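> Would you mind keeping the following structure in view while I ask a few things?
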Amino acid sequence: MTGKKIITHILLLLMVFALVIPVGTTNAASADDVLGSLMSSTTASERSSGGGGVLGKLFNLVFDKILGPVLNIFGNKDTSTNAPAPSIPLPPVSGSKDTVQHNGSLKGKVIVVDPGHGGTNPGAVANNTREADNNLAVGLKLRDKLVQAGAKVVMTRDSDRTVAAKGSSLGQELQARVDIAERNDADIFVSIHTNSNPNSNITGAMTFYRSGESSQLASKVQSALINQTGAVNKGTEAATFYVLRNTSMPSILVEMGFISNANEAARLSDNSYRNNVAQGIYNGIVEYFINR
Numbered sequence: 003m004t005g006k007k008i009i010t011h012i013l014l015l016l017m018v019f020a021l022v023i024p025v026g027t028t029n030a031a032s033a034d035d036v037l038g039s040l041m042s043s044t045t046a047s048e049r050s051s052g053g054g055g056v057l058g059k060l061f062n063l064v065f066d067k068i069l070g071p072v073l074n075i076f077g078n079k080d081t082s083t084n085a086p087a088p089s090i091p092l093p094p095v096s097g098s099k100d101t102v103q104h105n106g107s108l109k110g111k112v113i114v115v116d117p118g119h120g121g122t123n124p125g126a127v128a129n130n131t132r133e134a135d136n137n138l139a140v141g142l143k144l145r146d147k148l149v150q151a152g153a154k155v156v157m158t159r160d161s162d163r164t165v166a167a168k169g170s171s172l173g174q175e176l177q178a179r180v181d182i183a184e185r186n187d188a189d190i191f192v193s194i195h196t197n198s199n200p201n202s203n204i205t206g207a208m209t210f211y212r213s214g215e216s217s218q219l220a221s222k223v224q225s226a227l228i229n230q231t232g233a234v235n236k237g238t239e240a241a242t243f244y245v246l247r248n249t250s251m252p253s254i255l256v257e258m259g260f261i262s263n264a265n266e267a268a269r270l271s272d273n274s275y276r277n278n279v280a281q282g283i284y285n286g287i288v289e290y291f292i293n294r
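Everything in the sequence shown is counted per the numbering used here, starting at 3 for the first residue and increasing by one.
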């Protein structure tokens, strides 16, 4: 037995006799058991902010102030409870609404953005808002995001106007939009619209597609749009709208929400929400091209 251990045991035995015998305790314990018990009590007291009564304070005094420093019982471990806990940064949340522009990820892609209606055709009008205005505002924001990612973006219109010559029929107006996509050999065609329904309680966003590969584009855009905006998810659906059935590239028509619903109309008129809609469509487009 080492000299330190002998001294420790002697001091502990003396303390035990002084504390235990006067209170009539008849239980016996070995010096090693007592040492383990006292060390356990001390360790527990370090986790407690309430102290341990008279005995606890006595044990702390003996071990922390006398035996510990003299005999190095606890080694060099720092048991201070006042040291601040290290700050550990949390990992990014999966699916979070980030606005990274994916610079260069769309380089070489030609994307036609088609804000529906315009000029003498305002589209749906309700709750003091016009569909054509919503479509153009979101279309321009989408254009800027796509350009930052390296895409060549062709707008069918970038102001409140019709696309075909003045006095043209609806068919000619729609064909003029298709012609722009075909003439520029677009990789995808994205038409932006605002929905309307006689039932003003209906809300939500939905995406229509032509067929084939267009369904994949629609699925990516719809999912990203709902994730970004939190709008009611009305899903995707095949449709035969003129601009979808007459374009040769993957084509979708996004209905951003219902202008006939007062709350949704207000959101669609809000610049921040419009930016979220554009970001959602953009995210879906990037996802589509990355996973092709």
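Ideal Cβ placement from N, Cα and C applies to all residues, glycine included.
Predicted model, so just to flag it, every value in this text is computed and none were measured.
Pull the bridge partners of residue 208 from the DSSP assignment, please.
For this step, residue 208 is matched to residue 206 along the sequence shown. Answer is 257, bridged to residue 208.
> Compute the Euclidean distance between the alpha carbons of residue 106 and residue 142, then round it to the nearest angstrom.
The sequence position of residue 106 within the sequence shown is 104, counting from 1. The sequence position of residue 142 within the sequence shown is 140, counting from 1. CA-CA distance, residue 106 to residue 142, rounds to 19 Å.
> Considering only the beta carbon of each residue, do residue 240 and residue 211 sit closer than 8 Å?
Taking the first residue of the sequence shown as position 1, residue 240 is located at position 238. Taking the first residue of the sequence shown as position 1, residue 211 is located at position 209. Yes, the pair counts as a contact, with Cβ atoms nearer than the cut-off.
> Could you tell me which residues DSSP puts in a beta bridge with residue 154?
Here residue 154 refers to the residue found at position 152 of the sequence shown. Answer by DSSP bridge pairing, in chain order: 112.
> Counting only runs that start and end within the region 241-293, where is the alpha helix (DSSP H) found for 4 or more residues in a row?
244-247, 264-270 and 273-292
> Does DSSP put residue 165 in a helix, in a strand, or in coil?
Stepping through the sequence shown from its first residue, residue 165 is reached at position 163. In the structure shown, residue 165 sits in coil (DSSP, three-state: anything other than H, G, I, E or B).
> How many Å lie between residue 176 and residue 149 at the Cα?
For the purposes of this step, residue 176 is taken as residue 174 along the sequence shown, with counting starting at 1. For the purposes of this step, residue 149 is taken as residue 147 along the sequence shown, with counting starting at 1. For residue 176 and residue 149, the distance between alpha carbons rounds to 25 Å.
> With a CB to CB cut of under 7 Å and the five nearest residues on each side skipped, what residues in its chain are close to residue 266?
Within the sequence shown, residue 266 is the residue found at index 264, counting from 1. Once the five neighbours on either side are set aside, the close Cβ partners of residue 266 are 205, 259 and 260.
> Roughly how many angstroms lie between the CA atoms of residue 280 and residue 169, to the nearest whole one?
Translated into positions along the sequence shown, residue 280 becomes position 278. Translated into positions along the sequence shown, residue 169 becomes position 167. Their backbone Cα atoms lie some 31 Å apart in a straight line.
> Report back the beta-carbon spacing between residue 289 and residue 252 to the nearest angstrom; my notes put them in contact at under 8 Å.
Locating residue 289 in the sequence shown gives position 287, counting from the first residue. Locating residue 252 in the sequence shown gives position 250, counting from the first residue. Rounded, the Cβ-Cβ distance is 13 Å, inconsistent with contact.
> Tell me the DSSP bridge mates of residue 182?
Walking along the sequence shown from the start, residue 182 turns up at place 180. Looking at the DSSP assignment, residue 182 forms no beta bridge with any residue, so it has no partner.
> The alpha helix (DSSP H) that contains residue 231, what's its start and end?
The residue labelled residue 231 in the question sits at position 229 within the sequence shown. Looking at the DSSP string, the run of the alpha helix (DSSP H) that includes residue 231 is 216-231.
> Where does the unbroken beta strand (DSSP E) through residue 192 begin, and where does it stop?
Mapped onto the sequence shown, residue 192 falls at position 190. Counting along the chain, the beta strand (DSSP E) containing residue 192 begins and ends at 190-197.
> Taking only the alpha-carbon atoms, compute the straight-line gap between residue 203 and residue 110 and give it to the nearest angstrom.
In the sequence shown, residue 203 corresponds to position 201, counting from 1. In the sequence shown, residue 110 corresponds to position 108, counting from 1. Using only the alpha carbons, I get a separation of about 42 Å.
> Find the nearest neighbour of residue 247 within the set 158, 213, 238 and 144, judged by alpha-carbon distance.
The residue you call residue 247 lines up with position 245 of the sequence shown. When only C-alpha atoms are compared, the closest one is 213.
> Taking the alpha-carbon positions, what's the residue 145 to residue 156 distance?
By one-based count along the sequence shown, residue 145 stands at place 143. By one-based count along the sequence shown, residue 156 stands at place 154. Their Cα atoms are separated by approximately 8 Å.
> Near residue 186, what residues of its chain come up, given a Cβ to Cβ distance below 6 Å and the 5 sequence neighbours on each side ignored?
Position 184 of the sequence shown, counted from the first residue, corresponds to residue 186. Counting only Cβ-Cβ distances below 6 Å, and skipping sequence neighbours, we find 112 and 156.
> Would you say residue 183 and residue 140 are within 8 Å of each other, going by their C-beta atoms?
Here residue 183 refers to the residue found at position 181 when the sequence shown is read from its first residue. Here residue 140 refers to the residue found at position 138 when the sequence shown is read from its first residue. No, the pair does not count as a contact, with Cβ atoms beyond the cut-off.
> Flag this pair as yes or no: are the beta carbons of residue 195 and residue 130 separated by less than 8 Å?
The residue you call residue 195 lines up with position 193 of the sequence shown. The residue you call residue 130 lines up with position 128 of the sequence shown. Going by C-beta atoms, residue 195 is not nearer than 8 Å to residue 130.
> Around the C-beta of residue 278, are 16 or more other C-beta atoms found within 10 angstroms, so that it is buried, or is it exposed?
For the purposes of this step, residue 278 is taken as residue 276 along the sequence shown, with counting starting at 1. The residue in question, residue 278, is buried, as its Cβ has 16 or more Cβ neighbours within 10 Å.
> On the DSSP bridge assignment, give the partners of residue 239 in chain order.
The sequence position of residue 239 within the sequence shown is 237, counting from 1. The partner list for residue 239 (beta bridge, DSSP) reads 210.
> With DSSP as the reference, label residue 132 as helix, strand or coil.
Working through the sequence shown from its first residue, we reach residue 132 at position 130. Strand, per DSSP.
> Apart from the five residues just before and just after residue 238, which ones in its own chain have a Cβ nearer than 8 Å to its Cβ?
Stepping through the sequence shown from its first residue, residue 238 is reached at position 236. The residues are 208, 209, 210, 211, 217, 220, 221 and 224.
> Tell me whether residue 120 sits in a helix, a strand or coil according to DSSP, three-state version.
On the sequence shown, position 118 is the one that residue 120 refers to. The answer is strand: DSSP assigns residue 120 an E or B state.
> Using DSSP with H/G/I as helix, E/B as strand and the rest coil, what is residue 127?
Residue numbering aside, residue 127 sits at position 125 when the sequence shown is read from its first letter. If DSSP states are grouped into helix, strand and coil, residue 127 belongs with the strands.
> Applying the 10 Å Cβ sphere with the 16-neighbour rule, what's the burial state of residue 283?
Taking the first residue of the sequence shown as 1, we reach residue 283 at position 281. With 16 or more Cβ atoms within 10 Å of its Cβ, residue 283 is classed as buried.
> Mapping the DSSP letters down to three states, classify residue 159 as helix, strand or coil.
In the sequence shown, the residue the question calls residue 159 occupies position 157. Coil at residue 159, not helix or strand.
> Would you kindly work out how many angstroms separate the C-alpha atoms of residue 291 and residue 132, rounded to a whole number?
Taking the sequence shown and counting its residues from 1, one reaches residue 291 at position 289. Taking the sequence shown and counting its residues from 1, one reaches residue 132 at position 130. Rounded to the nearest angstrom, the two C-alpha atoms are 32 Å apart.
> Reducing DSSP to helix, strand and coil, say where residue 203 ends up.
To locate residue 203, count along the sequence shown from 1; it is residue 201. Three-state result, residue 203: coil.
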